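What follows is one structure encoded as structure tokens, with my remarks underneath.
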Amino acid sequence: MTDLVVEDLRIRFGDTVAVDGLSFELPAGGALGIVGESGSGKSATALALLGLHTAAQVEGRITFGADNLTTLTERRWRQVRGAQIAMVFQEPLTALSPFHTIGDQIAEVYRLHTGASRRAARDRAVEVLRQVHIPDPARRAASYPHQFSGGMRQRALIAMALSCRPQLIVADEPTTALDVTVQAQILDLLDEVRETTGTSLLLISHDLGVVTGSTDHVVVMRRGVAVEQGRTDAVLVAPEAAYTRELLAAVPHPKPPRTIDGEPLLRLAGVRKHFRQRRRGEPVRAVDDVTLDVRAGETLGIVGESGTGKTTLARLMTGLLTPTAGTITLDGTDLRRRPGGSVQMVFQDPMSSLNPRRTIGESIADPLRLSGVRDPRPHVEDLLERVGLARREYDRYPHQLSGGMRQRVGIARALAPHPRLIVCDEPVSSLDVTTQAQVLSLLEDLRTEFGLTMVFVSHDLAVLRQIADRVAVLYEGRIVELGDTASVYEQPQHAYTKELLAAVPVTDPAEARRLRALRRAQVTA
Amino acid sequence: MIGYLARRLGGAVLVLFGLSLLLYGLFYLAPSDPAVLTCGKGCTPERLAEVRHAMGVDDPVFTQYRHFLEGIVAGRDYPAGPNTRHCPAPCLGYSFETDQPVTALLADRLPVSASLAFGAEVLSLVAGIGAGLLAGLRRYRWLDRVVNGLVLAGYAVPVFLVGLLLLLLFCVQLQWLPFPTYVPLTTDPLAWAQNLLLPWVALAVIQTAAYARLTRAGIQETLAEDHIRTARAYGLPESRIVRRRALRGALLPLVTLTAIDLAAIMTSAVLTETMFGLPGVGQLLVGAVNQIDLPVVVGVTLLTGLLIVIANAVADLLYAAVDPRVELR
Numbered sequence: 001m002t003d004l005v006v007e008d009l010r011i012r013f014g015d016t017v018a019v020d021g022l023s024f025e026l027p028a029g030g031a032l033g034i035v036g037e038s039g040s041g042k043s044a045t046a047l048a049l050l051g052l053h054t055a056a057q058v059e060g061r062i063t064f065g066a067d068n069l070t071t072l073t074e075r076r077w078r079q080v081r082g083a084q085i086a087m088v089f090q091e092p093l094t095a096l097s098p099f100h101t102i103g104d105q106i107a108e109v110y111r112l113h114t115g116a117s118r119r120a121a122r123d124r125a126v127e128v129l130r131q132v133h134i135p136d137p138a139r140r141a142a143s144y145p146h147q148f149s150g151g152m153r154q155r156a157l158i159a160m161a162l163s164c165r166p167q168l169i170v171a172d173e174p175t176t177a178l179d180v181t182v183q184a185q186i187l188d189l190l191d192e193v194r195e196t197t198g199t200s201l202l203l204i205s206h207d208l209g210v211v212t213g214s215t216d217h218v219v220v221m222r223r224g225v226a227v228e229q230g231r232t233d234a235v236l237v238a239p240e241a242a243y244t245r246e247l248l249a250a251v252p253h254p255k256p257p258r259t260i261d262g263e264p265l266l267r268l269a270g271v272r273k274h275f276r277q278r279r280r281g282e283p284v285r286a287v288d289d290v291t292l293d294v295r296a297g298e299t300l301g302i303v304g305e306s307g308t309g310k311t312t313l314a315r316l317m318t319g320l321l322t323p324t325a326g327t328i329t330l331d332g333t334d335l336r337r338r339p340g341g342s343v344q345m346v347f348q349d350p351m352s353s354l355n356p357r358r359t360i361g362e363s364i365a366d367p368l369r370l371s372g373v374r375d376p377r378p379h380v381e382d383l384l385e386r387v388g389l390a391r392r393e394y395d396r397y398p399h400q401l402s403g404g405m406r407q408r409v410g411i412a413r414a415l416a417p418h419p420r421l422i423v424c425d426e427p428v429s430s431l432d433v434t435t436q437a438q439v440l441s442l443l444e445d446l447r448t449e450f451g452l453t454m455v456f457v458s459h460d461l462a463v464l465r466q467i468a469d470r471v472a473v474l475y476e477g478r479i480v481e482l483g484d485t486a487s488v489y490e491q492p493q494h495a496y497t498k499e500l501l502a503a504v505p506v507t508d509p510a511e512a513r514r515l516r517a518l519r520r521a522q523v524t525a
Numbered sequence: 001m002i003g004y005l006a007r008r009l010g011g012a013v014l015v016l017f018g019l020s021l022l023l024y025g026l027f028y029l030a031p032s033d034p035a036v037l038t039c040g041k042g043c044t045p046e047r048l049a050e051v052r053h054a055m056g057v058d059d060p061v062f063t064q065y066r067h068f069l070e071g072i073v074a075g076r077d078y079p080a081g082p083n084t085r086h087c088p089a090p091c092l093g094y095s096f097e098t099d100q101p102v103t104a105l106l107a108d109r110l111p112v113s114a115s116l117a118f119g120a121e122v123l124s125l126v127a128g129i130g131a132g133l134l135a136g137l138r139r140y141r142w143l144d145r146v147v148n149g150l151v152l153a154g155y156a157v158p159v160f161l162v163g164l165l166l167l168l169l170f171c172v173q174l175q176w177l178p179f180p181t182y183v184p185l186t187t188d189p190l191a192w193a194q195n196l197l198l199p200w201v202a203l204a205v206i207q208t209a210a211y212a213r214l215t216r217a218g219i220q221e222t223l224a225e226d227h228i229r230t231a232r233a234y235g236l237p238e239s240r241i242v243r244r245r246a247l248r249g250a251l252l253p254l255v256t257l258t259a260i261d262l263a264a265i266m267t268s269a270v271l272t273e274t275m276f277g278l279p280g281v282g283q284l285l286v287g288a289v290n291q292i293d294l295p296v297v298v299g300v301t302l303l304t305g306l307l308i309v310i311a312n313a314v315a316d317l318l319y320a321a322v323d324p325r326v327e328l329r
């Protein structure tokens with residue numbers, strides 16, 4: 001078997017240094033995690049391991065078996081890629097060719113490296129698809145990527161990685177685009193593959209929890225430098241570097257529960273939202289009979305995976321959609337006749353929810369002008385200051401700000417018309433963990449200061465546990481469980497809630513092992 | 001699939017129906033009376049009434065339109081003194097200027113236009129895709145710059161200038177080619193191609209430029225996609241990546257454009273046809289407009305509509321065949 005040794009790796013894009021003197025070792029059959037926030041150089045490192053940089057200057061030594069990879073010719077590189085080192089990419093939809101079947105794509109790689117016959121290659125494709133637990137692999141090999149779900153596409157990519165029996169699999173954020181339960185399945189699969197085939201695994205992630213459960217060594221990167229490395233158990237339990245401690249502290253932590261017994265502010269009774277399909281067929285029941293009170297002053301968490309109807313529910317609550325059936329009232333009056341500005345929304349992606357051609361100050365000023373404020377600039381500047389931005393940011397454009405700053409702008413815009421209720425739809429899911437922690441604490445401060453009521457929609461159970469007083473679990477458009485945060489997390493009643501909770505990545509290695517065992521038991525049961 | 005085709009067919013009939021209605025409305029509003037022109041100089045009121053009756057323009061416009069629709073289905077007879085002029089189904093009207101049914105005129109001219117359009121399309125596809133690929137794969141190098149320059153030149157140069165230069169060079173100076181006259185493909189394929197070569201080139205210049213541009217952009221965009229990176233990460237050689245993975249995505253937009261272009265050239269290549277003296281549909285249309293030969297104008301317009309509708313449907317079918325993500329429904 002083959003060891004991977006990286007010594008003093010430097011990657012430069014022009015004048016920008018992406019990776020600066022990185023060294024690590026990955027013994028054969030081992031599992032190493034590289035963890036860091038955006039811009040830490042972790043993906044640049046992954047591309048360097050496969051010689052895929054075109055615009056960058058790569059220096060240092062990457063030894064893999066007898067080869068120094070940094071000196072390989074393009075021809076020799078092609079023999080290494082896929083055959084000895086295989087890569088699993090982040091976005092499984094775009095990472096596969098839309099024009100070829102899954103089976104063909106895997107078979108093509110296998111034939112290229114082994115010279116096998118078409119038939120043998122097709123058989124191998126089916127075999128690896130079975131190995132990654134694709135049901136009915138012989139038939140599904142003829143499917144195109146768009147006919148697979150996100151989780152199945154990621155399995156197919158892993159199958160492609162396995163096809164030529166590589167000695168090393170590099171997985172770059174393999175679960176980032178996936179739901180939490182699917183993420184757990186994929187991580188378990190990578191673990192299983194490593195056990196059964198003896199290949200080593202280099203797992204790259206921004207999520208400490210993902211790395212914790214699946215690796216035995218970890219490298220913590222920041223701005224191209226490894227700030228700390230060692231055994232995963234040691235680094236995550238007793239971190240030495242200040243940055244690692246900062247990262248761990250930023251991971252959402254449960255708060256002591258608040259009990260809010262306010263009067264119901266927003267009431268949903270028997271609310272349904274159905275979307276008609278193009279041409280015949282049953283309508284999509286995005287929200288199906290939801291009855292729910294949001295109490296004045298509380299933060300209600302709504303959790304669910306993709307397709308459970310949580311965004312539709314959020315839009316119903318803000319009046320952006322009207323329900324197909326049922327009633328929604330705000331403080332006793334129909335939501336449609338609410339006073340202007342009393343319900344506001346914070347969106348998931350602040351980049352696409354801000355007009356790129358207007359300054360952020362103007363974007364925030366819009367709702368104020370609507371409510372008749374003549375000269376909104378001073379108000380907007382106060383708001384900017386309140387959400388942690390400088391007054392002079394008023395004249396800047398969205399693309400000039402970082403993701404965290406943009407989300408602060410989104411929050412300021414929601415606050416501008418003095419709302420009573422703010423509905424946040426995945427407000428921190430596109431942010432790095434330290435930024436996420438800052439935005440969460442900002443929201444908590446604002447809630448107290450302005451006496452806000454909040455609905456917080458998220459797929460992330462850990463985030464909700466920190467911020468929500470009560471949690472509603474959404475599944476197939478229905479609320480399957482609703483209760484105080486502590487009781488839902490500690491004594492989940494519904495099977496889906498239990499499954500969700502078992503899938504949450506945790507940063508405690510012992511707990512991660514316990515959850516993996518629990519999931520395996522669930523699968524075999 | 002069959003349901004899809006049936007719907008498309010229904011849609012096509014509706015489009016053509018609407019188009020004919022619109023045309024009739026326009027002509028009814030038009031101030032000129034075609035019978036006056038047909039009647040000619042020294043026309044007496046009695047003679048004019050006779051001509052109007054023969055042409056069928058003395059009826060109310062709705063009756064005229066009804067006769068027109070009936071003619072398409074069952075054919076139609078026009079009274080002409082003691083005799084009648086017969087226009088067999090599908091009758092799109094009768095050209096009194098040339099004393100022929102419109103369908104006969106179109107049947108005469110369409111092979112010329114189709115030959116012109118087909119050849120020009122093949123030529124511009126080959127040259128356009130070729131040049132676009134060369135440029136796209138050698139982005140920002142000298143070859144790319146050369147192709148880009150030629151593309152701009154192709155857009156800028158008017159077709160009659162290209163045509164005249166070609167005629168001057170190959171027919172007058174070098175005398176390599178005969179002055180173009182139309183020879184049917186069935187009579188002599190070699191002469192057909194020889195005579196049409198210059199018109200093809202003249203017509204293809206602008207389209208080649210458009211296709212080259214589209215191909216260049218398409219190949220660059222596709223090569224930057226994630227699945228191409230995956231292919232590279234699995235050791236596929238670059239040539240194979242371009243051939244097997246990138247080409248299809250890059251050329252998809254060309255499918256629709258080619259089909260529509262092909263249909264459009266057949267009826268609108270007036271300049272080229274005139275310059276090279278080819279008796280095509282475009283010439284027919286211009287002549288008819290000058291003579292206020294309304295039935296011919298109606299016929300050519302409906303033919304254009306029909307071709308465009310067919311081209312659109314074929315493009316959609318082709319698109320679905322090439323891209324598995326597209327479902328026809």
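If you read the sequences in order, they're chains U and F.
According to the UniProt record's numbering, the first sequence is numbered sequentially starting from 1.
According to the UniProt record's numbering, the second sequence is numbered sequentially starting from 1.
Don't be surprised by glycine CBs; every beta carbon is placed ideally from N, CA and C.
Note that the structure is predicted; figures quoted are calculated from it, not measured.
With DSSP as the reference, identify every bridge partner of V287 of chain U, one or two as the case may be. U:K273
Leaving aside the five residues before and after L134 of chain F along the sequence, list all residues of the same chain whose C-beta is less than 7 Å from its C-beta, in chain order. L143 and V147
How long is the line joining the alpha carbons of G307 of chain U and Q277 of chain U, rounded to whole angstroms? Between G307 of chain U and Q277 of chain U, the C-alpha separation is close to 15 Å.
Does the beta-carbon of Y110 of chain U have 16 or more other beta-carbons within 10 angstroms, so that it is buried, or is it exposed? Burial call: buried.
Give me the DSSP bridge partner(s) of N68 of chain U. Note: N68 of chain U sits in a beta bridge opposite U:T63.
Do S95 of chain F and V296 of chain F come within 7 Å of each other at the CB atom, strictly closer than that value? yes
Taking Cβ to Cβ, would you say A48 of chain U is nearer than 7 Å to V35 of chain U? no
If you run the structure through DSSP and keep just helix, strand and coil, what is F13 of chain U? strand
Have a look at F:Y28, F:L21 and F:R109 and flag the residue whose alpha-carbon is nearest the alpha-carbon of V183 of chain F. Comparing Cα-Cα distances from V183 of chain F to each of F:Y28, F:L21 and F:R109, the minimum goes to F:R109.
Can you give me the C-alpha to C-alpha distance between E91 of chain U and P279 of chain F, rounded to a whole angstrom? 57 Å
At the 7 Å Cβ level, is T222 of chain F part of the contact set with chain C, yes or no? Of the chains in the structure shown, none is chain C; the protein chains are U and F.
Cβ atoms of V471 of chain U and V457 of chain U: under 7 Å apart, would you say? Not a contact, by the Cβ cut-off of 7 Å.
Between the C-alpha atoms of S239 of chain F and Q220 of chain F, what's the straight-line distance to the nearest angstrom? Rounded to whole angstroms, the separation of the alpha carbons of Q220 of chain F and S239 of chain F is 14 Å.
Assuming the contact rule is C-beta atoms closer than 8 Å, S23 of chain U and D8 of chain U should be a hit. Round their C-beta distance to whole Å, please. 6 Å
Once you ignore the five residues that flank A437 of chain U on each side, which residues in its own chain have a CB closer than 7 Å to its CB? A250
Just list the residues that DSSP pairs I158 of chain U with in beta bridges. Looking at the DSSP assignment, I158 of chain U forms no beta bridge with any residue, so it has no partner.
CB V6 of chain U to CB I62 of chain U, shorter than 7 Å? Yes. Within cutoff.
Are the CB atoms of L202 of chain U and V170 of chain U within a distance shorter than 7 Å? yes
Backbone CA spacing between G281 of chain U and H146 of chain U [nearest angstrom]: 21 Å
Beta carbons nearer than 7 Å to chain F: which residues of the stretch 227-254 of chain U have them? none
Under 8 Å between beta-carbons, which chain F residues line up against P98 of chain U? List them in chain order, please. H227, G249, D323, P324 and R325
Do V294 of chain U and L265 of chain U count as a contact pair if the criterion is CB distance below 7 Å? yes
Can you say whether M1 of chain F is buried or exposed, counting buried as having 16 or more other CB atoms within 10 angstroms of its CB? exposed
Identity of the residue in U:A412, U:T45, U:P505 and U:R119 nearest V387 of chain U by Cα: U:A412
What's the C-alpha gap between D375 of chain U and S38 of chain U? 38 Å
Can you give me the C-alpha to C-alpha distance between Q173 of chain F and F27 of chain F, rounded to a whole angstrom? 47 Å
Residue nearest to L389 of chain U in terms of C-alpha spacing, selected from U:V373, U:G410 and U:L370: U:G410
Assess contact between the stretch 155-166 of chain F and the stretch 193-211 of chain F, defined as three or more Cβ pairs (one per stretch) separated by less than 8 Å. Is contact present? yes
Please confirm if residue 534 of chain U has its CB atom under 7 Å from at least one CB of chain F. As shown, chain U starts at 1 and ends at 525. That puts residue 534 of chain U outside it, with no answer to give.
Own chain residues within Cβ distance below 8 Å of L16 of chain F, not counting five before or after: L302, G305, L306 and V309
Where the alpha helix (DSSP H) containing Y155 of chain F begins and where it ends: W142 to A156
Beta-carbon proximity list for A209 of chain F, same chain, < 6 Å, skipping 5 on both sides: V151, G154 and Y155
Are the beta-carbon atoms of L92 of chain F and G299 of chain F separated by less than 7 Å? yes
Cross-chain neighbours of L254 of chain F in chain U, by beta carbon under 8 Å: Those within 8 Å of L254 of chain F in chain U number zero; the least Cβ separation is about 15 Å.
7 Å CB neighbourhood of L177 of chain F in its chain, flanking five on each side removed: F170, C171, Q194, L197 and L198
Quick check for students: name the residue ranges of the alpha helix (DSSP H) that lie wholly in the stretch 107-172 of chain U, counting only runs of 4 or more. Taken in chain order, the unbroken stretches of alpha helix (DSSP H) that lie wholly in the stretch 107-172 of chain U and span 4 residues or more are 118-131, 137-140 and 150-163.
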